[in-house]
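Q: Before anything else, here's the structure in question.
Protein chains in written order, with this note's numbering: chain A, 1 to 426; chain B, 1 to 241.
Below you can see the structure in the form of structure tokens.
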């Protein structure tokens, strides 16, 4: 054990280089910086916004529109000018972001069912989020006023029937069924909730897998490139210990690196998303459907993630033996990256159960698919699927470690080489 | 002198290429035994097999009665191998590298300290031992690696081209270090294509070419037998036959 600890310490010292530390610090600073900019931009969007209004109507209705805009956190700036062209010119010259023109006789035109158009001018200086969101907000307010007006008209014309019945004669209710649980609610809201709760799991998993495997690949490739492997293989320590020390050190450094990147990533995403509280209604639906992680779910998810990391490390160790140096280690990592990215994207963009049986079998044969599916399956209460995935990954890990151990205990560790480059050249 | 290493009928091939075609030799206790021959003769393959890095296709290698195939763990405790193009871990300091290696061989902390102290003396790098290996010149790295190989006083030190790539001064120093350690009971199996170096260092030599041992003896015996002034001439005459 003392020899193993000696080796592990060396592996960690070799992996934690100045370049790695600088890269991690730089990433954190960069993500923090971008996140802050995004947060400040979002703050501007969510805060009081200036809108310049050329009100040529001055009716009760136009006053109602302006009150609604003020209620939606717009700062109303009424223009003294009484000409549309001049107002637009003025907006151009003074960098006015949003201009609303209410035409003369607007209220009368509505009453006579020959409506005049309200015009919105968005002056674009950049294609930032703010410019489009402001314009969308104005449109939404106009839609609300339209509803308000049409309801009033319908009430006057057909006083005995509710305007909502007239406008939407067909009513519907949505229910979501999960196993024996049923709740009334919108599937898109529930989907959004589940995604918001578990969006970080596949990202964390992908980053940890990619980092750890690249670490172990580099560790082996560096031994070959720096001509230290031959010496290491002749010292009195079990070859299995050499493999394990590389895997454990790479796993630890990969985990820490991915953790640091994730902190940076949270700063970054936090800037865009902020802390959006979930509504009481969706909380009730989620409660009824029991879509929450239980302590058992967390344990199973942890085991699943851990085994996926072990599988990636074992596979990377085998691929690392094929690499002659750091450059070829990058080529050797491609198959592993594909095996991680395929299930990552599939779980994000598609439902694996909807794939054809052969394709589904192929995707499930990739050990890294299982932890990507685990979080959703655990929420849905499909514990047996998660357990099968865990057992499958354990079996794959044992086989891969056995292969890695065999390679390291024979002279293949020195004689196996990546031939892709030579084949391409020939 | 007792024979510590016995190599009998050693064969090794890489695909269709036969690197070794029945090699036989022995190394005795406290001697420097050298394999000399041109590039591709089979020297490094032989040393790698003795160092437990490669498995032979046929034949036996025994160190102190332990078989290289069956008892590789035991053999690794008794040997120290310096490959021709060896490097050291660039992120470690010289002293950390010696500590790292000493901890594999030492039975306790006291013995590890002894190994490290000896390693510092052999390397003779002074304060530079506290610097990272990545900042060392090629000669400094080679001396550090030689110190690593000899500090544990192995039963058999296996040195592949020990002065490879070194300048004259560093080569002389390395040769002196090797000579002095044999006096302390370490046996050495080395390879080189530098015949003059071998003549200076070795007690006995085997001339190897194309995977076969062509002749074995002391440098003096070989020179007399082939009426030559030095080993280079001996080698030329043997190959010409």
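Built from N, CA and C at the ideal position, the CB exists for glycine as well.
Any beta-carbon of chain A closer than 8 angstroms to the one on residue 191 (chain B)?
A: no
Q: So, does the CB of residue 46 (chain B) fall closer than 8 angstroms to a CB anywhere in chain A?
A: Answer no: the Cβ-Cβ gap between residue 46 (chain B) and chain A never drops below 8 angstroms.
Q: Using a C-beta to C-beta distance shorter than 9 angstroms, which residues of chain A count as neighbours of residue 170 (chain B)?
A: Under the 9 angstroms cutoff, chain A gives no residues; its nearest Cβ is about 18 angstroms from residue 170 (chain B).
Q: With a threshold of 16 other CB atoms inside 10 Å of the CB of residue 195 (chain A), please say whether the residue is buried or exposed.
A: Its Cβ having fewer than 16 others within 10 Å, residue 195 (chain A) is exposed.
Q: Quick one: is residue 6 (chain A) near chain B, going by C-beta distance under 8 angstroms?
A: yes
Q: Can you tell which of A:340, A:136, A:288 has the C-alpha that lies nearest to the C-alpha of residue 379 (chain A)?
A: A:288
Q: If you reduce the DSSP assignment to three classes, tell me which class residue 426 (chain A) lands in.
A: Residue placement at residue 426 (chain A) is poorly supported in this model, since its pLDDT is 32, which falls under 50; the coordinates still yield a value, given next. Three-state DSSP puts residue 426 (chain A) in coil, outside helix and strand.
Q: For residue 10 (chain B), go through chain A and note every residue whose CB falls closer than 8 angstroms to its CB, in chain order.
A: Residues of chain A whose Cβ lies closer than 8 angstroms to the Cβ of residue 10 (chain B) do not exist, since the nearest Cβ in that chain is about 14 angstroms away.
Q: Is the shortest distance between the beta-carbon of residue 101 (chain B) and the beta-carbons of chain A less than 8 angstroms?
A: yes
Q: With DSSP collapsed to three states, give me the class of residue 183 (chain B).
A: coil
Q: Touch check for the stretch 80 to 92 of chain B and the stretch 114 to 134 of chain B: three-plus C-beta pairs under 8 angstroms?
A: yes
Q: Within its chain, find whatever has a CB closer than 6 angstroms to the CB of residue 97 (chain A); leave out the 5 residues flanking it on each side and keep chain order.
A: 123
Q: Per DSSP, residue 244 (chain B) is paired with what?
A: In the structure displayed, chain B extends from 1 to 241; residue 244 (chain B) sits before or after that span and is not available.
Q: At a cut of 8 angstroms, does the stretch 326 to 341 of chain A reach the stretch 234 to 243 of chain A through at least three beta carbon pairs?
A: Touching, no, given that fewer than three Cβ pairs across the two stretches are closer than 8 angstroms.
Q: Between A:207, A:309, A:67, which has its C-alpha nearest residue 264 (chain A)'s C-alpha?
A: A:207
Q: For the stretch 146 to 193 of chain B, which segments carrying the beta strand (DSSP E) assignment without a break, of at least 3 residues, lie completely within its bounds, in sequence order?
A: 156 to 160, 187 to 192
Q: Who pairs with residue 209 (chain B) in a beta bridge, going by DSSP?
A: B:212
Q: Of the residues that make up the stretch 225 to 239 of chain A, which ones have a beta carbon closer than 8 angstroms to any beta carbon in chain B?
A: 226, 227, 228, 230, 231, 233, 234, 235, 236, 237, 238
Q: With H, G and I counted as helix, E and B as strand and the rest as coil, what does DSSP make of residue 80 (chain A)?
A: coil
Q: Could you check whether the Cβ of residue 117 (chain B) sits closer than 7 angstroms to any heavy atom belonging to the ligand ADP?
A: As far as ligands go, the structure on display features none, and thus does not contain the ligand ADP.
Q: Exposed or buried, what is residue 240 (chain B) when buried is set at 16 or more other beta-carbons lying within 10 Å of its beta-carbon?
A: exposed
Q: Taking the alpha-carbon of residue 41 (chain B) as reference, which of B:11, B:30, B:70 has the nearest alpha-carbon?
A: B:11
Q: Compare the C-beta of residue 235 (chain B) with all C-beta atoms of chain A and state if any pair is closer than 8 angstroms.
A: no
Q: Indicate whether the contact test is met: 3 or more Cβ pairs, each with one atom in the stretch 380 to 396 of chain A and one in the stretch 243 to 255 of chain A, closer than 8 angstroms.
A: no
Q: Below 7 angstroms between beta carbons is the criterion; list the residues of the stretch 71 to 96 of chain B that meet it against any residue of chain A, in chain order.
A: 73, 76, 77, 79, 81, 83, 85, 86, 87, 88, 89, 90, 91, 92
Q: Could you tell me the distance, in whole angstroms, from the CA atom of residue 116 (chain A) to the CA atom of residue 60 (chain A)?
A: 16 angstroms
Q: From A:369, A:347, A:17, A:377, pick the residue whose C-alpha is nearest to that of residue 297 (chain A); which is it?
A: A:377
Q: Report the residue ranges of all beta strand (DSSP E) runs contained in full by the stretch 76 to 120 of chain A; include only those spanning at least 3 residues, in chain order.
A: Here the runs fully enclosed are 98 to 102.
Q: How big is the Cα-Cα spacing for residue 203 (chain B) and residue 219 (chain A)?
A: 40 angstroms
Q: Taking Cβ-Cβ distances below 7 angstroms as the criterion, which residues of the stretch 197 to 218 of chain B are in contact with chain A?
A: Against chain A - using a Cβ distance shorter than 7 angstroms - the stretch 197 to 218 of chain B contributes no residues.
Q: Hey, would you say residue 142 (chain A) sits closer than 8 angstroms to residue 110 (chain A), going by beta carbons?
A: no
Q: Taking the straight line between their C-alpha atoms, what separation do you get for residue 191 (chain A) and residue 292 (chain A)?
A: Residue 191 (chain A) and residue 292 (chain A) have their C-alpha atoms roughly 13 angstroms apart.
Q: Report all residues from its chain with a CB closer than 7 angstroms to the CB of residue 30 (chain B); omit the five preceding and five following residues, and keep chain order.
A: 1, 182, 185, 187
Q: Looking at the C-beta of residue 246 (chain A), does it have a partner C-beta in chain B at a distance below 8 angstroms?
A: Residue 246 (chain A) does not count as touching chain B.
Q: If you run the structure through DSSP and keep just helix, strand and coil, what is residue 421 (chain A)?
A: Residue placement at residue 421 (chain A) is flagged as unreliable, the pLDDT there being 43, under the threshold of 50; a coordinate-derived value is accordingly withheld.
Q: Spell out the partners DSSP gives residue 217 (chain B) in its beta bridges.
A: B:205
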